[in-house]
Ligand code: SF4
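Residue numbers (our numbering): 278 to 632.
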């Protein structure tokens, strides 16, 4: 009689899905051996995505003084975190960051700004200038995470400037979102992703686990992301930051719990790239390199927004040592890097889009 994990693996390899109930059992039941779960996740990942690991970098393009109240974030003006505060970097600084990202082996540089979102005007013009510079350089994709978008013209301007992928995370399950953020809604986030997709950009969306959500809510988030169908799914672990509400309430989760979570996301999202990013050093510690065997197919190299990451050379060495291939190669003359040539065509589904 095949075990529960074997049954789920066979179903996923045959094109079937893992339900929220089944994923919750995998997350809750410690009698299900972690090694068996990781091995199943690795086989699923190799079947659908091969052994490649995508690498991305980010630069904090505008730091601090954000009007929003995301309870995990050091950059909210509502919390005392001592984070650096500065206005939007210029196109020269963005170009230099792109050079550093390419030198680290990254395929993409994400420009990340701490604010509620962009409106037409001078700030959008400056952002587009930076995107144009990074995109024209050709060493990396120009990606960005610029907050909520509620104006289709803003999304179209970003696309015209050469933006490849827009990141906007769901952050947590819809049923838990109100425990983490008050100043905007989960539906606002879904609407942003809908506009990004309609403008023709790739969609990057995931979340953070370890923010007081239940195991079932982790499974719900994975199912909601499956419905959303983004091109990339960042899976972050809460790195509790002093001065933030969640920093005071929650300790980092254990390495085993984090690895179990990656593996369950892999089984629920078998064909999606899963990027294990923020918090991995703090949460996984010496077990960090097992994240690839758990199903991670992408990671972030270099520093995060307000916390340092480990050296890119260590990440590249670890990927090779674990038997995976970093997706990074020198560019030929006139060549630009490409993930997938075109974004997924599906509409984002959520309250706004389904109405
Ligand atoms: S996560 Fe983004 S929107 Fe929320 S407080 Fe931080 S910078 Fe602002």
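Ideal Cβ positions, reconstructed from N, Cα and C, are used throughout, including at glycine.
Residues bridged to residue i (per DSSP)
i	result
residue 514	486
residue 509	481 and 550
residue 531	None; residue 531 has no bridge partner.
residue 389	337 and 422
residue 443	421 and 480
residue 567	According to DSSP, which records beta bridges pairwise, residue 567 is partnered with nothing at all.
residue 471	DSSP output for residue 471 lists no bridge partner at all.
residue 604	331
residue 556	Answer by DSSP bridge pairing: none, since residue 556 is not bridged.
residue 577	333
residue 455	Per DSSP, none; premise fails for residue 455.
residue 353	343
residue 448	484
residue 222	Nothing about residue 222 can be reported from this structure: the residues present for the chain run from 278 to 632 only.
Of the residues the options, the one placed nearest residue i, counting alpha carbons only
i	options	result
residue 391	371, 413, 350 and 506	350
residue 486	592, 532 and 466	532
residue 544	278, 589 and 288	288
residue 514	339, 557 and 332	557
residue 337	590, 420 and 296	420
residue 496	293, 298, 294 and 290	298
residue 408	370, 527 and 445	370
residue 453	445, 524 and 491	491
residue 362	372, 343 and 461	343
residue 360	341, 375, 373 and 377	341
residue 441	333, 293 and 284	333
residue 553	542, 538, 525 and 511	511
residue 493	284, 294, 300 and 286	300
residue 400	381, 367, 320 and 379	367
residue 459	278, 346 and 588	346
residue 354	538, 596, 588 and 522	522
residue 372	398, 397, 406 and 382	406
residue 478	555, 509, 397 and 594	509
residue 505	467, 529 and 384	467
residue 380	278, 579 and 291	579
residue 377	402, 590 and 595	590
residue 323	294, 295 and 290	290
residue 542	280, 279, 294 and 284	294
residue 550	538, 527, 576 and 526	576
residue 507	335, 526, 447 and 402	447
residue 538	525, 587 and 302	302
Beta-carbon proximity list for residue i, same chain, < 6 Å, skipping 5 on both sides
i	result
residue 540	314, 315, 318, 571 and 572
residue 476	432, 433 and 436
residue 610	Any reading at residue 610 needs caution, since the residue's pLDDT is 40, under 50, leaving its predicted position unreliable; the model's value is listed next. The answer is none, since no qualifying residue turns up.
residue 469	425, 426 and 445
residue 559	516 and 529
residue 599	566 and 569
Residues near residue i in its chain [Cβ-Cβ closer than 8 Å; skip 5 each side]
i	result
residue 536	311, 315, 561, 564, 567, 568 and 571
residue 548	325 and 326
residue 423	388, 389, 390, 392, 394, 395, 404, 435 and 443
residue 329	574, 601, 602, 603 and 604
residue 357	520
residue 439	408, 409, 411, 412, 413 and 419
residue 364	339
residue 451	463, 497 and 501
residue 607	Bear in mind that a pLDDT of 38 at residue 607, under 50, signals an unreliable position, so the number given afterwards is only what the model happens to contain. Same-chain partners within the cutoff: there are none.
residue 397	428, 430, 431 and 434
Cβ neighbours of residue i in the same chain (closer than 7 Å, five flanking residues each side left out)
i	result
residue 220	Because the chain is modelled from 278 through 632, residue 220 falls outside the range shown and cannot be assessed.
residue 472	426, 429 and 432
residue 500	297 and 545
residue 282	309, 313, 314 and 317
residue 503	545 and 546
residue 375	386, 411, 414, 416 and 417
residue 286	317, 320 and 321
residue 661	Absent from the structure is residue 661, since the part of the chain shown begins at 278 and ends at 632.
residue 278	none
residue 622	Unreliable positioning characterises residue 622 in this predicted model, as indicated by a pLDDT of 46, which lies under 50. A coordinate reading is not provided.
Any chain D beta carbon closer than 8 Å to residue i
i	result
residue 286	Protein chain content of the structure displayed is limited to a single chain, and chain D is not contained in it.
heavy atom of the ligand ADP below 7 Å from residue i C-beta
i	result
residue 531	Looking for the ligand ADP in the displayed structure turns up nothing; the ligands present are the ligand SF4.
Below 8 Å, how does it come out for the segment 511-531 and the segment 340-354: are there three or more Cβ pairs, yes or no?
Contact holds: three or more Cβ-Cβ distances are below 8 Å.
Review point. Going along the chain, which residues put their C-beta within less than 5 Å of some heavy atom in the ligand SF4?
Key: Of all residues, those with a beta-carbon under 5 Å from at least one heavy atom of the ligand SF4 are 343, 345, 347, 350, 352, 353 and 391, reported in chain order.
Hey, is the segment 472-483 in contact with the segment 297-309, meaning 3+ C-beta pairs nearer than 8 Å?
They do not touch, by the three-pair rule.
Answer yes if the segment 380-390 comes into contact with the segment 405-425, meaning at least three C-beta pairs across the two stretches below 8 Å, and no otherwise.
Counting Cβ pairs under 8 Å, three or more are found: they touch.
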